[in-house]
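K.L.:
Provided herewith is a single structure, encoded as C-alpha cells, for subsequent inquiry.
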Amino acid sequence: MNMITNHLPTEELQALDAAHHMHPFTEGEGLAEKGARVITRANGVWITDSDGQEILDGMAGLWCVAIGYGRDELAEVAARQMRELPFYNTFFQTTHVPAIALAKKLAELAPDDLNHVFFAGSGSEANDTNIRMVRHYWAMKGQPERNIILSRKNAYHGSSMGSGSLGGMAGMHAQGGLPIPDIHHINQPNWWAEGGDSDPADFGLARARELETAIKEHGPERVAAFIGEPVQGAGGVIVPPETYWPEIQRICDHYGILLIADEVICGFGRTGNWFGSQTMGIRPHIMTVAKGLSSGYAPIGASIVCDEVAQTIAKDEFNHGYTYSGHPVAAAVALENLRILEEEKVVEHVRDVAGPYLKEKWQALEDHPLVGEARIVGLMGSIALTPDKASRAGFAGEAGTVGYICRERCFANNLVMRHVGDRMIIAPPLVITRDEIDILIDRARKSLDETYEKIRKDGLW
Ligand code: PMP
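Residue numbers for the sequence shown follow this note's numbering, so the first one is 767 and each next one is one higher.
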C-alpha cells in the first residue's frame, strides 16, 4: 500500500480527500473543486497547512482547543493510559479509575448540587442522553406524559437525530426527518436580527416570555424541560439581552420545569467563568459538556446532573449508554486538561487578561464601515456585517454571501474566522496572548477592508 503522509504534494492529498472523504456540513462537489486546505500540525494558537502557511486559529478548532495545541502532557497521559488500560466499559458492575476521578472532578467544578456525571462520546450524544434522561425522570416521578422539551430556533445542540431535533437549525430540520416528536422551538433572543424597533431589554423579556406562552399552550403538565446554550454559539455567538436569562429561570422555577444548560461551547472557561451558567446567572438541573472538557484532544462529552434527577433515575435501570461512555483514555486526557486549566489559571486569564483585552479591540471594530455591532463574552465574539448600521439591514441578495466572502478573505490572510450568515465569529484558544490578539485583530481588520472593497466592486453594497 502507498503510504499517505504529510510529504505528499498538497494536490495529491486534496485529490485523495475528494475521492474518499465525506466532509461534515460541506457541499462535497464544491469542496472537491476547490480542494480542502490540508492541516498538518499545530502549536499554541497556530495551525500549519501542507504548504507551510501558519494560520492563527481564531476558532480553537471547533471551539474546543481551550489549552491550545501541542501540549505534550496530554499525549503522555494518553499513551500511559493506553498501555495500562486502553478500554473497559462501565456497564455491568464495573468501573475504572479515570472515569471515577473525572466524575469526581466535574462534580467539584460544577456549581450547586450538580454532583453526578453520565459520560458520552460527544456533545451530541450527551444531549441525546439528556432527552432520554429527563423523559425517564418524569416517568419515574409518575408523570410519563411530561415529555415535551422546549428549545429555541437557531440553537445548536448537535447533529444526531435527538440532538439535531433539540437544535433549531432550519437547514438541518429540512433533511432526514427532524425534529423527532415532542420537541418544540420558541424564538431566539437575537436582538440584532429580530429586535426591530424594540429596546434590547424589552426584547429580551418578550423572547423569554415566549417560553411561558409555549408552556401554557402545551400545558405545564406536559413540559419536561427547557434547553438553551447560555450564549448561542453556532447560531452566530448571539449574546442575549441581560433581561433574558433571569426571566427564563423564573419561568422554569415557576412551572417546575427542568432547565438544561448546554455548556458544550461555554463550559470550561470560554465565558470567563468555569461555566456559562455562572456568567449568565442560571441554575441548571443538567449541564451538557464536551469540547473544552478535553480541549478536543480526545472525544468525550458528558451530562452533569443534579442530585434530585440523578437520585430519581437511580431507582430504576436507565436503559441507555454508549460503548465509549467514560472511555478511560478520553477520561484521563480530560483530567489532565482540567489540571492544566486549573493550575495554569486559564479561566482567570480569560476573565482578567485575554477577555478584557480582546473585548476592547473587538468592539473597536465597530468603527469599520461594514460592522454593525461587535459582541463578545469572555473569548467568544461576533460581529454583524451590514450595509446600514442604523437600520441593521441585511445585504441585498442571498444572506451569508458577504459573510462567506469575509471568511474567504480571513482564510487567505491566515486567520480562521467563521461566518454564520453575515455574522463573523471567533472563539480562539483560551491561552491566547495579547500579542496574538493584536495579530488576530490586524488580520480581521485587513480581511474586513478587503471584503468591503470586493463587495463594492461586485455591486453587492
Ligand atoms: N451543543 C453545542 C452548544 C455545540 O456547540 C455543539 C457542537 N458545536 C454540540 C452540542 C454538539 O457537540 P458534538 O459536535 O461534540 O456532538
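Even glycine gets a Cβ: it sits at the ideal position worked out from N, Cα and C.
1. For residue 1200, which residues of its own chain have a beta-carbon under 8 angstroms away from its beta-carbon, when the five flanking residues on both sides are left out?
2. Please write down, chain order preserved, every residue whose beta carbon lies under 7 angstroms from a heavy atom of the ligand PMP.
3. What does the Cβ neighbour count give for residue 790, buried or exposed, with the cut at 16 atoms within 10 Å?
4. When you compare the CB positions of residue 990 and residue 1017, do they come within less than 8 angstroms of one another, or not?
5. Could you please give the first and the last residue of the uninterrupted beta strand (DSSP E) stretch that includes residue 815?
6. Measuring CB to CB, does residue 1149 end up less than 8 angstroms from residue 1168?
7. Expressed to the nearest angstrom, what Euclidean distance is found between the alpha-carbon atoms of residue 1195 and residue 887?
8. Taking 6 angstroms as the limit between beta carbons, can you name the residues of its chain near residue 735, skipping five residues before and five after?
9. Applying the 10 Å Cβ sphere with the 16-neighbour rule, what's the burial state of residue 1002?
10. Looking at the secondary structure, which residues open and close the beta strand (DSSP E) in which residue 786 lies?
11. Measure the CB-CB distance between residue 1054 and residue 1026 and report whether it falls below 8 angstroms.
12. Between the alpha carbons of residue 1103 and residue 1170, how many angstroms are there, rounded?
13. For the candidate residues 1172, 1081 and 829, whose alpha-carbon lies nearest to that of residue 1192?
14. For chain B, is any of its Cβ atoms less than 8 angstroms away from the one on residue 930?
15. Would you say residue 944 and residue 931 are within 8 angstroms of each other, going by their C-beta atoms?
16. Just mark residue 862 as buried or exposed, buried being the case when its beta carbon has 16 or more other beta carbons within 10 Å.
17. Return the bridge partner residues of residue 884 from the DSSP annotation.
18. Classify residue 1135 as buried or exposed, calling it buried when 16 or more other Cβ atoms lie within 10 Å of its own Cβ.
19. Mapping DSSP to helix, strand and coil, what is residue 1020?
20. Quick check on residue 1175: buried or exposed, where buried means 16 or more other Cβ atoms within 10 Å of its Cβ?
21. Is the number of C-beta pairs between the stretch 1070-1078 and the stretch 871-886 that are closer than 8 angstroms three or more?
22. Please report the distance separating the alpha-carbon of residue 808 from that of residue 835.
23. Please identify the residue among 1065, 1129 and 1106 whose C-alpha is closest to the C-alpha of residue 890.
24. What residue from 1186, 1147, 1216 and 925 has the CA that sits closest to residue 1164's CA?
25. Could you name the residues of the same chain whose beta carbon sits closer than 7 angstroms to that of residue 1205, not counting the 5 residues immediately before and after it, in chain order?
26. Just to confirm my understanding: we take residue 1062, look at its own chain, exclude 5 residues before and 5 after, and list those with CB closer than 6 angstroms. What are they?
27. Take every Cβ of the stretch 937-954, pair it with every Cβ of the stretch 1029-1049, and state whether three or more of those distances are shorter than 8 angstroms.
28. Taking the continuous alpha helix (DSSP H) assigned at residue 979, which residues delimit it?
29. Need the endpoints of the alpha helix (DSSP H) that residue 896 sits in, please.
30. Going by DSSP, which residues form a beta bridge with residue 917?
P.N.:
Straight from the coordinates:
1. The residue labelled residue 1200 in the question sits at position 434 within the sequence shown. Non-local C-beta neighbours of residue 1200 in its own chain, meaning closer than 8 angstroms and more than five positions away in sequence, comprise 1119, 1120 and 1123, ordered along the chain.
2. 828, 829, 888, 889, 890, 891, 893, 922, 923, 924, 925, 929, 995, 999, 1000, 1028, 1030, 1031, 1054, 1056, 1057 and 1067
3. By one-based count along the sequence shown, residue 790 stands at place 24. Around the beta carbon of residue 790, a 10 Å sphere encloses fewer than 16 other beta carbons of the protein chains shown; the residue is thus reported as exposed.
4. Position 224 of the sequence shown, counted from the first residue, corresponds to residue 990. Position 251 of the sequence shown, counted from the first residue, corresponds to residue 1017. Not closer than 8 angstroms, so no.
5. Within the sequence shown, residue 815 is the residue found at index 49, counting from 1. Start and end: 812-815.
6. As a first step, residue 1149 is located in the sequence shown; it is residue number 383 there, counting from the start. As a first step, residue 1168 is located in the sequence shown; it is residue number 402 there, counting from the start. Not closer than 8 angstroms, so no.
7. Here residue 1195 refers to the residue found at position 429 when the sequence shown is read from its first residue. Here residue 887 refers to the residue found at position 121 when the sequence shown is read from its first residue. If I take the Cα positions, the gap works out to 22 angstroms.
8. This structure cannot settle anything about residue 735, because the visible part of the chain is limited to 767 through 1227.
9. By one-based count along the sequence shown, residue 1002 stands at place 236. Buried.
10. Sequence index remark: in the sequence shown, residue 786 carries index 20 (1-based). From DSSP, residue 786 is part of no beta strand (DSSP E) but of the alpha helix (DSSP H) over 776-786.
11. Residue 1054 sits at position 288 when you count from the first residue of the sequence shown. Residue 1026 sits at position 260 when you count from the first residue of the sequence shown. Closer than 8 angstroms, so yes.
12. Position 337 of the sequence shown, counting from 1, holds the residue named residue 1103. Position 404 of the sequence shown, counting from 1, holds the residue named residue 1170. Near 33 angstroms, if we compare the C-alpha coordinates of residue 1170 and residue 1103.
13. By 1-based counting over the sequence shown, the position of residue 1192 is 426. By alpha-carbon distance to residue 1192, the top candidate from 1172, 1081 and 829 is 829.
14. You won't find chain B in this structure, because it holds only one protein chain.
15. Here residue 944 is taken as the residue at index 178 of the sequence shown, counted from 1. Here residue 931 is taken as the residue at index 165 of the sequence shown, counted from 1. Yes, these two residues count as a Cβ contact at 8 angstroms.
16. Here the question's residue 862 lines up with position 96 in the sequence shown. Buried.
17. Along the sequence shown, one-based indexing puts residue 884 at 118. DSSP lists 1069 as partners of residue 884.
18. For the purposes of this step, residue 1135 is taken as residue 369 along the sequence shown, with counting starting at 1. Residue 1135 should be labelled exposed.
19. The residue given as residue 1020 occupies position 254 in the sequence shown. It is helical.
20. By 1-based counting over the sequence shown, the position of residue 1175 is 409. By the neighbour-count rule (16 or more Cβ atoms within 10 Å), residue 1175 is buried.
21. Yes: the two stretches touch, three or more of their Cβ pairs being nearer than 8 angstroms.
22. As a first step, residue 808 is located in the sequence shown; it is residue number 42 there, counting from the start. As a first step, residue 835 is located in the sequence shown; it is residue number 69 there, counting from the start. Each residue's alpha carbon lies about 6 angstroms from the other.
23. Within the sequence shown, numbered from 1, the residue matching residue 890 stands at position 124. Considering only alpha carbons, the answer is 1065.
24. In the sequence shown, counting from the first residue as 1, residue 1164 sits at position 398. Closest option to residue 1164, Cα to Cα, is 1186.
25. The residue given as residue 1205 occupies position 439 in the sequence shown. Taking C-beta separations shorter than 7 angstroms and ignoring five residues to either side along the sequence, the partners of residue 1205 in its chain run 822, following chain order.
26. Mapped onto the sequence shown, residue 1062 falls at position 296. Beyond the five residues adjoining it in sequence on each side, residue 1062 comes within less than 6 angstroms, by CB distance, of 827, 830 and 831 in the same chain, given in chain order.
27. No contact exists between the stretch 937-954 and the stretch 1029-1049.
28. Counting from one through the sequence shown, the residue named residue 979 turns up at place 213. First-last of the alpha helix (DSSP H) with residue 979: 966-984.
29. For the purposes of this step, residue 896 is taken as residue 130 along the sequence shown, with counting starting at 1. Residue 896 -> alpha helix (DSSP H) spans 889-906.
30. On the sequence shown, residue 917 is found 151 positions in, with the first residue counted as 1. Residue 917 is bridged to 951.
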